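Encoded as structure tokens, the structure appears first; notes follow it.
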Amino acid sequence: MLLAMYSIFVFIFIGYMANVLRLVGNKHSGILLGFLVNFALPAQIFNGTYHANVSLDFLLVCLISLLSNLFAGLFILFIGRIFRFERSVLITLCFMAMLGNTLYLGFPFVQGALGEAQANQVIIFDQFVTGIPFAFLAPVLLSLNGKTAFSFSGVLKRLFKSPLFLALICGALFRLIPFEIPQALFAPLKSLAQTATPVALFAIGVQLNLRGILEWKYPTLLLGAKMFIAPLLLFFFVKAFFGEFSNTWKMALIEVAMPPLVSGVAIIYKAGFNAKVALNAVTFGILVSFISIPLWLYFV
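Under our numbering, the residue at position 33 of the sequence shown is numbered 131, and the numbers go up by one with no gaps.
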């Protein structure tokens, strides 16, 4: 776990310093993100989906995790109504509280703490708990500010244009083939997939803005709901119904305790809501995760 945290920190730090020293511009960032979203992550998702063990029990884990995240959003909505938050701030906080950085940051955390088998499950977990909900929530958010009109057909088109979702579907379909694909054929795919984590962490580092940490009030509320209330709900559920944490439930706890989704900031900005609060929460959350995740694992 400590080695994984060290690697995560180093890659994020390199990205941050590359931005500070202006070694990477917007053009380079666009190329990196294009490679990540269209090639490296789809390869990782396809490989993980094909090799992961999926059962009804695992789908229950995804469902409880999703409900825990949704509860975090509802908790903030309740607090915001009581204290009469500005509409832009309240919508931003609720949206960001329901979506975690389950793939870019969660994957290396799980891989370091629990091993390769659980890391493969993260791939499917991410799509059910973050990817698909994001595809539904993003158009809803845009429609709230009159940017677009929400429609289910639009959401489906968005899903089936996403390389990440298509990689998930293809990986699931290949599992239905009545024979096992030779592992040697996965060698190039695995090599491509191995670049996803360092590139993703580097990209996070490039986008970090440490000056925003000083504006802590709204981000603290958001992170309290996302990184404490949501995983606490899942923690009590597992203790009440299962008694102890299996590795799959530990994986879910790590993922639910992840800071808000980086991609959420782009949607908040595009919708015209409070992108500054969202960005500050993402930055602050990444730093907090280096303390909070080991603490959660200590208690299970």
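Every residue, glycine too, gets a C-beta built ideally from N, C-alpha and C.
Just so it is clear, the structure is predicted and the values come from calculations on it, not from any experiment.
Item	Value
Beta-bridge partners of P358, as assigned by DSSP	G198
Span of the alpha helix (DSSP H), counted from its first residue to its last, around G178	L154 to F181
Whether N136 touches P296 by CB criterion (8 Å)	no
Span of the alpha helix (DSSP H), counted from its first residue to its last, around N243	It is not in any alpha helix (DSSP H) - N243 carries neither H nor E in the DSSP assignment.
Chain-order list of residues whose beta-carbon lies under 8 Å from that of L239 (same chain, five-residue window excluded)	I189, F193, I365, I366, A369 and F371
Beta-carbon contacts of A350 that lie in its chain and below 6 Å, excluding the five residues immediately before and after	V159 and S163
Inter-stretch contact at 8 Å, needing at least 3 Cβ pairs: the region 321–332 / the region 139–148	no
T293 - DSSP class collapsed to helix/strand/coil	coil
CB-CB length for L197 against G383, believed under 8 Å	Incorrect: roughly 12 Å between the Cβ atoms, too far for contact.
Length of the line joining the Cα atoms of A170 and V122	35 Å
Limits of the alpha helix (DSSP H) - the one that I384 falls within	A373 to F397
Same chain only: Cβ atoms within 6 Å of A291, ignoring 5 sequence neighbours per side	A141, Q142 and N145
Local conformation of V336 per DSSP, three classes	helix
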